[in-house]
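One structure is given below, encoded as structure tokens.
There are 4 protein chains.
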Amino acid sequence: MAGYADEKDALRARLRRIEGQVRGLTRMVEEDTYCIDVLTQISAVTKGLQSVGLTLLQDHLDHCVVEAARESDEAATAKVEEATQAVARLLRT
Amino acid sequence: MAGYADEKDALRARLRRIEGQVRGLTRMVEEDTYCIDVLTQISAVTKGLQSVGLTLLQDHLDHCVVEAARESDEAATAKVEEATQAVARLLRT
Amino acid sequence: MAGYADEKDALRARLRRIEGQVRGLTRMVEEDTYCIDVLTQISAVTKGLQSVGLTLLQDHLDHCVVEAARESDEAATAKVEEATQAVARLLRT
Amino acid sequence: MAGYADEKDALRARLRRIEGQVRGLTRMVEEDTYCIDVLTQISAVTKGLQSVGLTLLQDHLDHCVVEAARESDEAATAKVEEATQAVARLLRT
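Line by line, the protein sequences are chains A, B, C and D.
Under our numbering, think of the first position of the first sequence as 1, with each following residue one higher.
Under our numbering, think of the first position of the second sequence as 1, with each following residue one higher.
Under our numbering, think of the first position of the third sequence as 1, with each following residue one higher.
Under our numbering, think of the first position of the fourth sequence as 1, with each following residue one higher.
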């Protein structure tokens, strides 16, 4: 089971909405929408994706990291390092 | 004409690829993919969107801001302020 | 003259305030302040730096890019590309 | 004890280096350094601060969150939510 098992439906719905927003971006470009308005919408879609990322991170810490912590110090340290690197990748985008 | 008129086809192709990546994210969630792998893919999609945003920004500066600069100081200042606010929104996501 | 010539005093004051905030971070670490509180303050300092960056960007577009636009297409394109790369670096941090 | 107790000296040294870099930014502005060069240095300082933030986050997860996980589900959930909000603040800067 993934850490986000309890929220699968909500996550799927949010991702489908983001997919629709990206389709909307393509339409904006096709219709020669003013650059700044396309950029504003790109910021909105990016924010939506990062928000899904934060939900996944919280679920991951709450389940996978907590389980590892109860197993051993080594398991916890490995999961924590992996999670920190995932946050570093989110920050660098 | 939008500032990105010369690159419409390329932008459309990049956005359609990003749309496919978001669909891939939904599939990853449906298949209970490990949280960290979904997060890594979210970082990749966000990076793709920001890269499209940077292309739009460059086209905007290169056409709309440059034209405004040749029109008047007031037109230039207004366009520059608008562009800076768009960058601020990108940074905050 | 740099593009921010008119705002040198204000920028200097903001940077000195940020320097004081970084000194405050060192003090927080020395006093074993709770990790999350240090992290919150790091976010505040980073936001301050990015805000100075946005001011510099706006001044740069408003002076250096506008001047280049009035000089030639080639000068404008070169300045715009340089500015876009600077925004890309800001986004990646 | 803070989660970063073992790394206090290293963190202090990194923060003092960042303080020196901010002082360097003030000097760049005083000397009318080219806008783009100041922006590049701002990106470098921001990256340094975020890197300190990631170290603090990893230490926090490795100590405070792991301890909470061994105490109770409620303690773990509270610490995880707090850590996720700290990451959200880092992302929004």
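Backbone N, C-alpha and C define an ideal beta-carbon position, used for all residues, glycine too.
query: Quick one: is Glu19 (chain D) buried, meaning 16 or more other Cβ sit within 10 Å of its Cβ, or exposed?
result: Per the 10 Å Cβ criterion, buried.
field: the region 21-47 of chain C: positions lying closer than 7 Å to chain B by Cβ
entry: none
task: May I ask you to report which of helix, strand or coil DSSP gives Met96 (chain D)?
output: Because chain D spans 1 through 93 in this model, residue 96 (chain D) falls outside it and cannot be assessed.
field: Contacting positions in the region 52-75 of chain B - beta carbon closer than 7 Å to chain A
entry: Going along the region 52-75 of chain B in chain order, one finds Val52, Gly53, Leu56, Leu57, Asp59, His60, Cys64 with a Cβ nearer than 7 Å to chain A.
- prompt: Is Asp9 (chain D) buried or exposed, if buried means 16 or more other CB atoms sit within 10 Å of its CB?
  reply: Taking all protein chains in view, the Cβ of Asp9 (chain D) is surrounded by fewer than 16 other Cβ atoms within 10 Å, so the residue is classified as exposed.
- prompt: Should Leu11 (chain A) be flagged as near chain D, meaning a C-beta pair shorter than 8 Å?
  reply: no
Alpha-carbon spacing of Lys47 (chain A) relative to Leu25 (chain B), whole angstroms: Lys47 (chain A) and Leu25 (chain B) have their C-alpha atoms spaced approximately 16 Å apart.
query: Quick one: is Met28 (chain C) buried, meaning 16 or more other Cβ sit within 10 Å of its Cβ, or exposed?
result: buried
task: Could you tell me whether the region 65-78 of chain A touches the region 34-49 of chain D, using the rule of 3 or more Cβ pairs below 8 Å?
output: Touching, no, given that fewer than three Cβ pairs across the two stretches are closer than 8 Å.
Per-residue contacts from Leu90 (chain A) into chain D (C-beta, under 7 Å): Leu91
task: Taking Ala78 (chain C) as the query, report the chain D residues whose CB atoms sit under 7 Å from its CB, ordered along the chain.
output: Residues of chain D passing the Cβ test: none, with the nearest at roughly 11 Å.
query: Just curious, the alpha helix (DSSP H) that His60 (chain B) is in, first and last residue?
result: 35-60
- prompt: Taking the alpha-carbon positions, what's the Leu11 (chain D) to Cys64 (chain A) distance?
  reply: 28 Å
message: I need the boundaries of the alpha helix (DSSP H) containing Glu74 (chain D), first residue and last residue.
response: 73-91
- prompt: So what's Asp9 (chain D) in DSSP terms, helix, strand or just coil?
  reply: Taken through DSSP and simplified to helix, strand or coil, Asp9 (chain D) comes out as helix.
- request: Give me the Cβ distance between Thr55 (chain A) and Leu57 (chain D), rounded to the nearest whole Å; I'm assuming they're in contact under 8 Å.
  value: That belief does not hold up - the Cβ atoms of Thr55 (chain A) and Leu57 (chain D) are roughly 17 Å apart, past 8 Å.
task: Return the CA-CA distance between Thr77 (chain A) and Ile36 (chain C), expressed in angstroms with no decimal places.
output: 19 Å
Within 8 Å, strictly: CB atoms of Leu39 (chain C) and Ala86 (chain D): yes
Contact with chain A by Glu82 (chain D), beta-carbon distance below 8 Å: no
message: So Val80 (chain B) and Leu61 (chain C) are supposed to be a Cβ contact under 8 Å. How far apart are they, rounded?
response: 4 Å
- prompt: By the 10 Å Cβ neighbour count, where 16 or more other Cβ atoms means buried, how is Arg17 (chain D) classified, buried or exposed?
  reply: exposed
- request: Name the residue from D:Asp6, D:Gln41, D:Met1 whose alpha carbon lies nearest to the alpha carbon of Leu15 (chain C).
  value: D:Gln41
field: Check whether Thr33 (chain C) and Ala2 (chain D) have beta carbons under 8 Å apart
entry: yes
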